[in-house]
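The opening residue of the sequence shown carries number 1 in our numbering; numbering runs sequentially from there.
In this text, a Cβ means the ideal position worked out from N, Cα and C, and glycines have one as well.
Quick caveat: nothing in here was measured; it's all calculated off a predicted structure.
Read through the structure below, which is laid out as structure tokens, and then see the notes.
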Amino acid sequence: MTSDFSAARGHLDRAYDYLCGDDPMSQRGREALDLLIEAVAVEEFKQPRQSAEVLRFPIGRRC
């Protein structure tokens, strides 16, 4: 089973947004989430991309 890094990053981004307070715990939480978001993004884009076949569709005239 492979991880869904994109979904994980989305959840971490949302958690970051919830910690909008100016208190020390919110600030430390945002700093920790920043590190996690960066680590997940690095892994997400390090994964090999799956190859895909591009299909050409004929361009026809419309009546």
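Inter-residue Cα distance where the pair is residue i and residue j
i	j	result
Glu-44	Ser-51	16 Å
His-11	Ser-3	13 Å
Ala-8	Val-40	7 Å
Arg-28	Ile-37	14 Å
Lys-46	Met-1	17 Å
Beta-carbon spacing of residue i, residue j below 8 Å
i	j	result
Tyr-16	Leu-33	yes
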